[in-house]
Structures are given as C-alpha cells and as structure tokens.
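In numbering that gives the first Met the number 0, the protein residues as written are 0 to 469. Glycine included, C-beta positions come from ideal geometry on N, C-alpha and C.
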Amino acid sequence: MTKQFPKDFVFGAATAAFQAEGGVHEGGRGPCYWDEYLHRPESTFNGDHASGFYYKFKEDLAHAKEFGLNGIRISIAWTRVIPDGDGEVNQAGIDFYHELIDECWKNGIEPYVTLHHFDTPLPLHKSGDWLDRKNIKNFKRFAKVCFEEFGDKVNKWITINEPWSLVAGQYIIGHFPPNTRYSVKDAVEAMHNMMVAHAEAVKTFKESAVSGEIGIVHILESKYPITESEADREAAKREDVLANQFMLDANYKGAYSEETLAYIRKILSYSGDSFEPSAEDMELISEVSAQNDFIGVNYYASHFIASYDGESEIVHNGTGEKGSSVFALKGIGKRVDNPNIPKTDWDWPIYPKGLYDMIMRLYTDYPEHKKIYVTENGLGYKDDFNGGNIQDDARIDYISQHLNAVLEAIEDGADVRGYFLWSLMDVLSWTNGFNKRYGFLYVDFDTQDRYVKKSGRWMKKVTEENQLVS
Ligand code: BG6
C-alpha cells in the first residue's frame, strides 16, 4: 500500500531574507556584511536584487498556496528591524514583516520565522560577529523586539539557522566574510557563542507573555567512514563531533558530553588551542535545553570521510564544475569520493539514506526532543529555462527520494512533523550566485518574473493526495 503522510503533515518551502528579498535600500534597512562583501571588486555577483521577494511576496505566496503548501520558512532581516544592529528600532521594517506574515496567513500558510539566517548587521559583524560576546546581548534584544511585535501572529520561531555552516564558511572554508581559513578554534568559539545566544533567546521567549514554539535549525549531514578501518572511522567521528554532536549535545542534552569535549580538545590541540566554556554559559545552556520545542534538520548531503595526515586544504566548488572541490582538514580528516553515490554539479553527494539515518539518530539519542521538522532539503541544479517550460525531473526525483526517507523514518517511530523544500523560488546562493537554482518557481533574475517548474505542479499532486506520486 502507498504510504500516506500523517494527517497534519506540514508541506512547506523555505526562504531567507537576504537571499530572497532584494530591496536592500527600501524602508530604512541597514547593511549586513553580505551587502558590503558582494560589492567588493572580486565579487562576481551582488545581492541587491536577489529574487525581489520584498516586492513579489504576494505573488510567491499565491503560488505556494496553489502548490498546496501549508508552511513557509521566512527570516526576519535584523537590519530591517534594527538597521545598525544595536540602535533604534525601525518602524518601516516592522511594518514590512507584519504585512508579510499577514499575507502568509491569508493564504493559509503558517510562517516559521527565523531570526538569524547568516545575516549579521555590518557594524556587529565588524566588531567580531559571533566571536564578539556583546553580540549575544544584541541578538537577545533583537529577538525580544520580534517576539513582542510579532508574537501574536507567529507560532513557530527559529532562533538561528545552521550555526555549523556559518562558522565553517566564516572561519574554516573562508568563503563567507571575514574569510578566515582553517581556524577550527574560531569556528568552535563562535558556535559556542551561538549556543549561548540561542539559549538567551529561548529563555527570553519562555519568560515573555508570548505563546508558541521555539527551536533552532541545524545542518545535519551524516558522516560515514569510507572504509571500516579504525583510522577512517575515527576521522568520520571527528568531523561528526565538530559539525553535529557538539551542538546537538548543547541544545538537546544541555551539556557537551565528556566524549564531545575530549574530541574537540584533541582537534584543537593540533593548533595549540583548547576549549573551556565558562560554568555560567553551561548553566544557561542546561537551563533552557528542555525548553526547545522541536529540532529543525536541514539536510542536503552526507559525507564519506578518510583519515588524513596532511596540511589543511579546502577548495570550494562555487561554479558547478563537477569534481573541483577538496575538503581536507588537518587533525580531522578528508572528504572523499564514494563512487557508488551520485553527486550534484557542486559535488554534494545525493544520499537520502543519510537523512533517514540522521532522523533515526535524533530519535534514538535525543529522545526528549521528539518533534522534528526537516526545515530544508533540496537540489541545487542548473535548470534549463526552455522557454518557460522547466522540466526539472532531477529535482522531483531528489525530493521524492528524500520524502520517502522521511516516510520510512516516520514508519520506524520518528515524529517528523513537516518537510520544507529549499526553496520556494530560486534565490541567491551565498557563494555560488544565481546559477545554482533550488526553487519550485523559476526566477528570471533580470525581470524578476516567475515561472512554475514541473516540480511545483508535481508538489500540488503530492499535497492533494497526501502521498508520493510519480
Ligand atoms: C543552507 C542554507 O545551508 O543551504 C541556505 O540555510 C542555503 O541559506 C542552502 O542557500 C543551499 O546552499 P547553497 O550554498 O547551495 O546555496
């Protein structure tokens, strides 16, 4: 018998303010660090227009409704609400998000609202971004303003999107400003500060008069050893602890386990560094752990890891030239090719079982926090415009396989409440520009016109029948 999705399953799509909105000079918005970075001479694209969601959100939400979606992830740009990050609140920014949120509900679509999606205001970024402890307080204030303003019309809050991707981009790969490379120490410190900032926001939310649910979204990619050798297994474990276990422990166990700390300290010892969080931070993290209402899982790929003794070497594939990426980290391991697994043009292994395994791991290892949403999943693809008749069968196949993994996890006991495609419409990809498309809606980035892709029409059938269709 064909498997049905649970009755109230959320079929959604995701967006993020900087990648979707454009309108960077509208309504008193201040700059975030991407505004500055993407205008440097070396940048090959800029984000000023993005997908024009600022102007087109009504049209986009009408399409979402037509696809049968009942959830959407949006993020609130800190720089629209508090343009310099820590100064005056900007009423025009507040008004914009009231309008956007109201429009979601008008279309019967519940907004899942993220407060930080990679877009720290420029002045706060310059002072050290998440490495500057003052920004924990600044974030807490921004969160409080949002809870007070929008609390009566938002039921699902996400504090921070993907701490690991952010710090890996900023301090390890170096393709996100401030473009530091190979500093695992900075990455760990910034991640820890984000754990504290998340805890502060959750605490503020729970102490407020506002009702609703709050959680955090993590990128959670499974890490498999490429062989069963002890050395490869240890390498995979090291990358897993750094990218996954560190934050899962903090959020859902309320403490870094002894094992996590031992691995992190060992990894940091290669650069002569250590990690000693304060008792005060750990108390706060522990206090709010049980108050997280759900786990948000962003999943695109898994990695196959081999042991590696050389110096760090990372080459980011930002062009979609298959086979051009390298990811080898001293003291951790090297991501290697698994010839049995297909990959995207950006070298991301397509492995739906990795999603199943991750969901089941959350179900088993963090049983107190059963409610799971797949908050992002999708295929970056060079869609052929084809006169507006976009046949994205590869995307349909990708989504189908991953939704099937979700159904299997549900069958095996996991409480998965929803699935959000990244993304509703094609958006700017932070480090790849505009040719890496993910949307149900094709965006012509010159005219900002939208075209429904085959995947959008397919999704409509899935939501109507509440099951996978061919
Ligand atoms: C997630 C982010 O990491 O992946 C999104 O939350 C991002 O903001 C998405 O766009 C896809 O990544 P990329 O690099 O292919 O655009």
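State the start and end residues of the unbroken alpha helix (DSSP H) segment that holds residue i.
| i | result |
| --- | --- |
| Leu123 | Leu121 to Lys125 |
| Ser454 | Lys453 to Glu464 |
| Asn376 | Asn376 -> not in any alpha helix (DSSP H); beta strand (DSSP E) instead, spanning Ile371 to Asn376. |
| Ala278 | Ala278 to Ser288 |
| Glu229 | Glu229 to Asp239 |
Exposed or buried, which one is residue i when buried takes at least 16 other CB atoms within 10 Å?
| i | result |
| --- | --- |
| Ser210 | exposed |
| Asp118 | buried |
| Val240 | buried |
| Arg180 | exposed |
| Val314 | exposed |
| His97 | exposed |
| Pro351 | buried |
| Glu20 | buried |
| His38 | exposed |
| Ser164 | buried |
| Gly412 | exposed |
| Lys133 | exposed |
| Asp443 | exposed |
| Asp94 | exposed |
| Pro40 | exposed |
| Ser301 | buried |
| Glu275 | exposed |
| Gly46 | buried |
| Asn339 | exposed |
| Ala289 | exposed |
| Thr259 | buried |
| Ala61 | exposed |
| Asn316 | buried |
| Gly379 | buried |
| Val461 | buried |
| Glu87 | exposed |
| Pro341 | exposed |
| Ser268 | exposed |
| Ser42 | exposed |
| Asp346 | buried |
| Phe175 | buried |
Compare the Cα-Cα distances from residue i to each of the options and report the closest residue.
| i | options | result |
| --- | --- | --- |
| Leu361 | Thr343, Ser323, Ile218 and Glu227 | Ile218 |
| Val112 | Asp128, Thr158 and Lys143 | Thr158 |
| Leu328 | Tyr36, Glu282, Asp443 and Ala242 | Ala242 |
| Thr446 | Ala393, Lys55, Asp34 and Ile135 | Lys55 |
| Glu25 | Ala278, Gly51, Met193 and Gly168 | Gly51 |
| Arg436 | Thr14, Asp34 and Pro224 | Thr14 |
| Glu410 | Lys125, Phe204, Phe274 and Ile358 | Ile358 |
| His115 | Gly70, Ala142 and Ala235 | Ala142 |
| Gly168 | Tyr53, Ala186 and Leu378 | Ala186 |
| Val415 | Gly295, Lys333 and Lys460 | Gly295 |
| Tyr481 | Met458, Val195 and Ser42 | The structure shown does not extend to residue 481, since the chain spans only 0 to 469, so no value can be given for it. |
| Trp104 | Asn376, Lys64, Asp425 and Pro338 | Lys64 |
| Val287 | Lys205, Cys145 and Glu102 | Lys205 |
| Glu238 | Ser126, Tyr262, Glu282 and Asn465 | Tyr262 |
| Val195 | Ile171, Tyr255 and Gly330 | Tyr255 |
| Leu247 | Arg394, Leu123, Glu220 and Lys125 | Glu220 |
| Leu423 | Tyr450, Leu406, Asn403 and Gly387 | Tyr450 |
| Asp128 | Pro177, Glu147, Glu109 and Ala249 | Pro177 |
| Val335 | Glu233, Gly387 and Tyr307 | Tyr307 |
| Asn434 | Thr318, Glu375 and Ala408 | Thr318 |
| Arg456 | Ala408, Arg232 and Gln390 | Gln390 |
In terms of residue numbering, what span does the beta strand (DSSP E) encompassing residue i cover?
| i | result |
| --- | --- |
| Ile266 | Counting along the chain, Ile266 falls outside any beta strand (DSSP E), though it belongs to the alpha helix (DSSP H) covering Glu257 to Ser268. |
| Glu320 | Per DSSP, Glu320 belongs to no beta strand (DSSP E) and is neither H nor E. |
| Val468 | Looking at the DSSP string, Val468 is not in any beta strand (DSSP E), and its letter there is neither H nor E. |
| Tyr297 | Rather than Tyr, the amino acid found at residue 297 in this sequence is Asn. Per DSSP, Asn297 belongs to the beta strand (DSSP E) from Phe293 to Asn297. |
| Tyr418 | Val415 to Trp421 |
| Pro224 | Lys222 to Pro224 |
| Leu440 | Leu440 to Val442 |
| Ala305 | His302 to Ala305 |
| His217 | Glu212 to Ile218 |
| Val209 | Looking at the DSSP string, Val209 is not in any beta strand (DSSP E), and its letter there is neither H nor E. |
| Glu312 | Glu312 to Val314 |
Kindly provide the ranges of any alpha helix (DSSP H) runs that are 4 or more residues long and lie completely inside the segment 67 to 115, ordered along the chain. 77 to 80 and 90 to 105
Whole beta strand (DSSP E) runs in the segment 322 to 397 with 3 or more residues, listed along the chain? 325 to 328, 332 to 334 and 371 to 376
May I have a chain-ordered list of the beta strand (DSSP E) segments no shorter than 3 residues that lie completely inside the segment 7 to 66? Qualifying beta strand (DSSP E) stretches, in chain order: 9 to 13.
What are the uninterrupted segments assigned as beta strand (DSSP E) that are 3 or more residues long and contained completely in the segment 125 to 205, given in chain order? 155 to 160
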